[in-house]
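Input: a single structure, listed below in structure tokens.
Residue numbers (our numbering): 13 to 80.
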């Protein structure tokens with residue numbers, strides 16, 4: 013009997029192919045920093061989820077994401 017848990021799928025990149033950095037070196041498309049973009053492939057899923065939370069916060073702070 014196989015007791016190993018199935019492998020978790022990698023968390024997908026938030027890239028939306030609108031790649032331009034603002035004055036703070038944050039991508040205006042996905043809201044990731046340069047370090048987050050270049051390190052994405054080496055991050056664990058936990059680290060990727062942490063970055064996605066930061067992206068969401070940046071999008072709200074910049075007015076890109078509206079909350080009701």
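We treat Cβ as the ideally placed atom computed from N, Cα and C, and that holds for glycine.
It should be emphasised that the depicted structure is a prediction, and the values quoted were computed from it without experimental measurement.
Legend entry - residue 74: first and last residue of the uninterrupted alpha helix (DSSP H) it sits in: 57-74
Inset, instruction - For residue 43, count neighbouring Cβ atoms within 10 angstroms of its own Cβ and tell me buried if that reaches 16, exposed if not. - result: buried
Inset, instruction - Just tell me which of 58, 70 and 38 has its CA closest to the CA of residue 20. - result: 58
Legend entry - Three-state secondary structure assigned by DSSP to residue 49: helix
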